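Data block below; observations after.
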Amino acid sequence: MASPQALSEPDRRLVALWAADCAERVLPLFDAEAPDDDRARDGIARARAFGRGELDTAEEIRRRFVAGRAAHSATSPAAVAAARSAGQASGVAHMGAHALGAAAYAAKAASLAAVDHDAAHRDEVGWQLGHMSDEVRAAFARLPLLGTDSAGPLGAGLLASGALGATIREIQAELRS
4 MASPQALSEP DRRLVALWAA DCAERVLPLF DAEAPDDDRA RDGIARARAF GRGELDTAEE
64 IRRRFVAGRA AHSATSPAAV AAARSAGQAS GVAHMGAHAL GAAAYAAKAA SLAAVDHDAA
124 HRDEVGWQLG HMSDEVRAAF ARLPLLGTDS AGPLGAGLLA SGALGATIRE IQAELRS
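Counting in my numbering, the sequence shown runs from 4 upward without gaps.
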């Protein structure tokens with residue numbers, strides 16, 4: 004039985020586009036440190052192409068870790084988080100829940116790069132919520148709440164704790180209100 008975190012392929016394609024938008028907003032933080040490493044940018048482009056139906060699910064599942072490995076090319080926490088946001092966006096072809104990981108890492112990157120961390124976080128999450136279409140909101144409503152299903156990115160792993168977990172809980176609470 005498939006995990007409820009996977010979402011249907013049409014839903015994954017919808018949320019992949021949104022996740023790519025989230026990751027692209029913080030990509031300049033990574034590019035400033037690693038301008039010759041195109042893995043994060045390529046991961047975002049692949050997430051968009053998957054969202055448009057131009058790439059095959061199976062091939063993207065095989066390639067989903069490439070963009071995230073770009074984090075090893077960065078040194079600042081903000082740039083690392085930006086690369087991880089791209090990695091999560093590229094993982095949406097595998098599981099739709101990775102879109103929330105892309106958003107959480109983007110909010111973390113924006114916060115770490117700003118002087119006023121809290122304001123940057125609020126602004127980023129506000130943009131993310133405001134940028135969701137009704138269809139994307141409906142797709143996210145089909146995901147389990149963070150920590151209630153262990154079979155995927157919304158289980159007990161990295162996305163469930165700290166700033167990442169708090170951001171995902173914030174987004175999910177807003178979507179359910």
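Note that beta-carbon positions come from the ideal geometry of N, C-alpha and C, so glycine has one too.
Note that this is a predicted model, so its numbers are computed, not measured.
Nearest residue (CA-CA) to residue i, options the options
i	options	result
A19	R172, M135, A166	M135
R87	Q175, L178, S6, L161	L161
A82	L10, E138, A5, S114	S114
A5	E63, M98, S93	M98
A144	A109, E36, L103, E127	L103
A77	D137, A117, H124, D41	D41
Beta-carbon proximity check, residue i vs residue j, cutoff 7 Å
i	j	result
A89	A142	no
R16	G71	no
C25	A122	no
E177	L132	yes
A107	L30	no
Q91	H101	yes
T60	A96	yes
Short CB-CB distance (under 7 Å) between residue i and chain D
i	result
L32	No chain D is present in this structure, which holds just one protein chain.
Checklist entry - Which residue spans inside the stretch 104-139 form an unbroken alpha helix (DSSP H) run of at least 4? => result Scanning the stretch 104-139 from its first residue to its last, the whole alpha helix (DSSP H) runs of 4-plus residues come out as 120-133.
Item to check | Continuous alpha helix (DSSP H) assignments of at least 4 residues falling wholly in the stretch 50-89 | outcome: Counting whole runs of 4 or more residues, the stretch 50-89 contains the alpha helix (DSSP H) stretches 60-66.
Checklist entry - At which residue ranges does the stretch 5-45 contain complete alpha helix (DSSP H) runs of 4 or more residues, listed in the order of the chain? => result You should have 12-36.
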